[in-house]
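Quick notes on the structure that follows.
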Amino acid sequence: MKKILIMGGKLFLITAIASILLGFVDSFTEPVIKARKARELKEALTSLIPEGKPGKLVPVSGNSVVPGYYNVKKDGKLLGYILDLRGTGYGGELKILAGYKRNGEIIAVKLMDNEETPGLGKKAEKPEYMKKFIGTGGKKAVPVRKGMLSRKDADAVTGASITFMGLANALDTGSKFVKNLRSKP
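Read in the working numbering, the sequence shown has 111 at position 78, and its numbers run on one by one without any break.
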């Protein structure tokens, strides 16, 4: 019994020291991580519609796909919108930033935070992957099924179709959201 108490005490002491050290290290890394994420967001926002300047985030309540958006203006004139989108991929939630013209046409897309599988799902982070969505959403429908893609693009999403569907559905919802914004007074 005494050996068990001694062993339990040692285990408790080791765990307590490790927890304190982990908390100490976390207090230094958390601000660095927050600053890096803020820098990445700023870079992404300025790259999506580079000819304009995004305003402040406008929160959207009651919309799980579009939690917020930015008005993008140049010389006081509204050029378009950057939407903060959420989709569901193979690895869970996809955080997407997408630039839209005022008519709902997709200008640019950037996949931000995601936990997609290395290899197939992570290909969605590359600009080449997003090209299949550029120019859609206005007069041309956003491809939400592989059958709406060219053979080359359909082959590119084979094996990562859950990621494709998550992105496509979020971008399509974003396009409809922008068209609805445009129709409001």
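We put the beta carbon where it would ideally sit given N, CA and C, even for glycine.
Discussion item. To the nearest angstrom, how far is the alpha carbon of residue 169 from that of residue 130?
Written reply: Position 136 of the sequence shown holds residue 169. Position 97 of the sequence shown holds residue 130. Here the alpha carbons of residue 130 and residue 169 stand approximately 15 Å from one another.
Item to complete: Please indicate yes or no: does the CB of residue 105 lie closer than 7 Å to some heavy atom of the ligand MG?
Response: Ligands are entirely absent from the displayed structure, and the ligand MG is therefore not among its contents.
Practice prompt. Compute the Euclidean distance between the alpha carbons of residue 196 and residue 47, then round it to the nearest angstrom.
Written response: As a position in the sequence shown, residue 196 is number 163, starting the count at 1. As a position in the sequence shown, residue 47 is number 14, starting the count at 1. Between residue 196 and residue 47, the C-alpha separation is close to 42 Å.
Worksheet item: How far does the alpha helix (DSSP H) with residue 76 in it reach, from first residue to last?
Response: Mapped onto the sequence shown, residue 76 falls at position 43. Start and end: 35-81.
Worksheet item: Would you call the segment 98-105 and the segment 46-62 touching, i.e. three or more CB-CB distances under 8 Å?
Response: Short answer: they don't touch.
Worksheet item: Under a three-way DSSP split, which group does residue 126 fall into?
Response: Counting from one through the sequence shown, the residue named residue 126 turns up at place 93. DSSP, read as helix, strand or coil, puts residue 126 in strand.
Discussion item. Whole angstroms are fine: how far does the CA of residue 175 sit from the CA of residue 201?
Written reply: The sequence position of residue 201 within the sequence shown is 168, counting from 1. The sequence position of residue 175 within the sequence shown is 142, counting from 1. CA-CA distance, residue 201 to residue 175, rounds to 7 Å.
Worksheet item: Is there contact here, the segment 79-87 with the segment 128-144, by at least three beta-carbon pairs under 8 Å?
Response: The way I'd put it, the segment 79-87 does touch the segment 128-144; three or more beta-carbon pairs between them come closer than 8 Å.
Worksheet item: Looking at C-alpha atoms only, which residue of 78, 90, 109, 171 is the closest neighbour of residue 137?
Response: For the purposes of this step, residue 137 is taken as the residue at position 104 of the sequence shown. For residue 137, the nearest C-alpha among the options comes from 171.
Practice prompt. Compare the Cα-Cα distances from residue 125 to each of 139, 115, 145 and report the closest residue.
Written response: One-based indexing of the sequence shown puts residue 125 at position 92. For the residues 139, 115, 145, the minimum Cα distance to residue 125 belongs to 145.
Discussion item. Excluding the 5 residues flanking residue 208 on each side, which residues of the same chain have their C-beta closer than 8 Å to its C-beta?
Written reply: By 1-based counting over the sequence shown, the position of residue 208 is 175. Correct list, in chain order: 133, 137, 138, 139, 169, 170, 171, 175.
Practice prompt. Look up residue 86 in the DSSP assignment and give the residues it is bridged to.
Written response: Indexing the sequence shown from 1 puts residue 86 at position 53. DSSP, once it has assigned bridges, lists 106 as partnering residue 86.
Worksheet entry | Own chain partners of residue 218 with C-beta closer than 8 Å, once the 5 adjacent residues on each side are dropped | In the sequence shown, the residue the question calls residue 218 occupies position 185. With a pLDDT of only 49 at residue 218, under 50, the local geometry of the prediction cannot be trusted, and the value read off the model is given with reservation. None.
Worksheet entry | residue 87 and residue 78 closer than 8 Å at C-beta | By one-based count along the sequence shown, residue 87 stands at place 54. By one-based count along the sequence shown, residue 78 stands at place 45. Yes, these two residues count as a Cβ contact at 8 Å.
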